[in-house]
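Visitor: Using this note's numbering, the letters of the sequence shown correspond one by one to residues 43 to 181. Note that CB positions come from ideal geometry on N, CA and C, so glycine has one too.
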Amino acid sequence: ASGRVTNMLGTAEPVTIRLEFDLGVVDDGQAIGVELVNSDGLVMMRSFHKDPEPGQIPRLVMGYNVLDCLIPGALLNEGRYFVRLVGRFGTTLVAHTDEVISFETHMNHAVSPFSHEPRRGAVLFPILEWRTADEGSKG
Numbered sequence: 043a044s045g046r047v048t049n050m051l052g053t054a055e056p057v058t059i060r061l062e063f064d065l066g067v068v069d070d071g072q073a074i075g076v077e078l079v080n081s082d083g084l085v086m087m088r089s090f091h092k093d094p095e096p097g098q099i100p101r102l103v104m105g106y107n108v109l110d111c112l113i114p115g116a117l118l119n120e121g122r123y124f125v126r127l128v129g130r131f132g133t134t135l136v137a138h139t140d141e142v143i144s145f146e147t148h149m150n151h152a153v154s155p156f157s158h159e160p161r162r163g164a165v166l167f168p169i170l171e172w173r174t175a176d177e178g179s180k181g
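1) Under DSSP, the beta strand (DSSP E) around Ala116 begins and ends at which residues?
2) Quick one: what's got a C-beta closer than 6 Å to Ile99's C-beta in the same chain, skipping five residues either side?
3) State the DSSP-derived secondary structure class of Ile143, mapped to helix, strand or coil.
4) Which same chain residues end up closer than 8 Å to Val79 when comparing Cβ atoms and leaving out the 5 residues on each side of it in sequence?
5) Looking only at DSSP bridge pairs, what is Ile74 linked to?
6) Given a cut-off of 8 Å, decide if Gly121 and Ser139 are closer than it, judged by their beta-carbon atoms.
7) Under 8 Å, do Asp69 and Gly105 count as touching if we go by C-beta distance?
8) According to DSSP, what are the bridge partners of Ile59?
9) By a C-beta neighbour count over all protein chains shown, 10 Å radius and 16 as the cutoff for buried, is Leu112 buried or exposed?
10) Within this structure, are the beta carbons of Asp110 and Arg173 separated by less than 8 Å?
11) Which of helix, strand or coil does DSSP assign to Ala137?
12) Who are Asp64's beta bridge partners in DSSP?
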């Protein structure tokens, strides 16, 4: 939330998960990541620092590293989420923690009067574009 450390966020706000760690060895096979887990224990996503295109991958260095994982705003529904740390070497998970941090979201990105039904039975709550079929075919 605007650079602040907090555990309560509006759903419209992006979530930044900052990882600070030391590496004694740097290898191209290493991947540092996070899992986002909902309050029911369902893994919502797993993302590694090597997921972006090759020119966009953050470079790890020997010693102290800081990585930010950015979850876009207006994606999650209200609720409590937990973050786990994961490490991968090649295709093998080599590290997997219990939940290390948690945060809670409250709904503030849905503007339609129909979108305030309690939780709507889903974890994700993106506001998707809708249009009639003939609008999509106009050039």
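Guide: Straight from the coordinates:
1) Run containing Ala116: none; DSSP gives neither H nor E here.
2) Lys92
3) Under the three-state reduction of DSSP output, Ile143 falls in the strand class.
4) Val85, Met86, Tyr123, Phe124, Val125, Arg126, Glu141
5) Ile74 pairs with Gly129.
6) Just to set this straight, residue 139 is Thr in the shown sequence, not Ser. Between Thr139 and Gly121, the C-beta gap is not smaller than 8 Å, which leaves the two residues out of contact.
7) Not a contact, by the Cβ cut-off of 8 Å.
8) Cys111
9) Result: exposed.
10) no
11) strand
12) DSSP, once it has assigned bridges, lists Tyr106 as partnering Asp64.
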